[in-house]
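In UniProt numbering, the protein residues as written are 1 to 143. Every residue gets a Cβ at the ideal spot worked out from N, C-alpha and C, and that includes glycine. From a predicted model like this one, the values you see are computed outputs, not experimental measurements. Report on one structure; see the data block that follows.
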């Protein structure tokens, strides 16, 4: 699956962390209707803090970098598809396997499946939060 790439500039470095200010991708952002929400002014810049031990180079303030988010698309699919699949599974089990004829009970079973889907999604989210989202950082240049 394709990863998401953004460009940024290192604005602060300390012993443990590197702060990167993400630059708007000019071509992609101008085509997007939501661009004004992502970058709505100088005070509202996206910033990311990364641990220095994740980096494969010595970071310096002013360096331009490429950020690559490898699992974002997979997690996006999970967020949308997992609850839907559990909803449909609840619908299928109640109508086909249990042979329920009352539409209210079928709907309640589908909603129960949706709830289970959100619970499973919460477990996945907790796992991702503990492990952190993997971001690859490549040095592009210096200012």
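Throw me the rounded Cβ distance for the residue i and residue j pair, which I believe falls under 8 angstroms.
i: residue 17; j: residue 52; result: 6 angstroms
i: residue 78; j: residue 121; result: 7 angstroms
Label residue i either buried or exposed according to how many other C-beta atoms from any shown protein chain fall within 10 Å of its C-beta, with 16 as the threshold for buried.
i: residue 94; result: buried
i: residue 54; result: exposed
i: residue 133; result: exposed
i: residue 109; result: buried
i: residue 20; result: buried
i: residue 67; result: buried
i: residue 8; result: buried
Measuring straight from C-alpha to C-alpha, what distance separates residue i and residue j?
i: residue 135; j: residue 106; result: 43 angstroms
i: residue 86; j: residue 123; result: 14 angstroms
i: residue 104; j: residue 59; result: 60 angstroms
i: residue 64; j: residue 140; result: 5 angstroms
i: residue 70; j: residue 6; result: 12 angstroms
i: residue 138; j: residue 12; result: 16 angstroms
i: residue 129; j: residue 72; result: 13 angstroms
i: residue 116; j: residue 74; result: 20 angstroms
i: residue 81; j: residue 102; result: 27 angstroms
i: residue 15; j: residue 57; result: 14 angstroms
Quickly, what does DSSP pair residue i with across the bridge? List them, please.
i: residue 52; result: Residue 52 is not bridged to any residue.
i: residue 135; result: 69
i: residue 9; result: 21, 64
Quiz item: What alpha helix (DSSP H) runs, 4 residues minimum, are completely inside the segment 56-124?
Solution: 72-92
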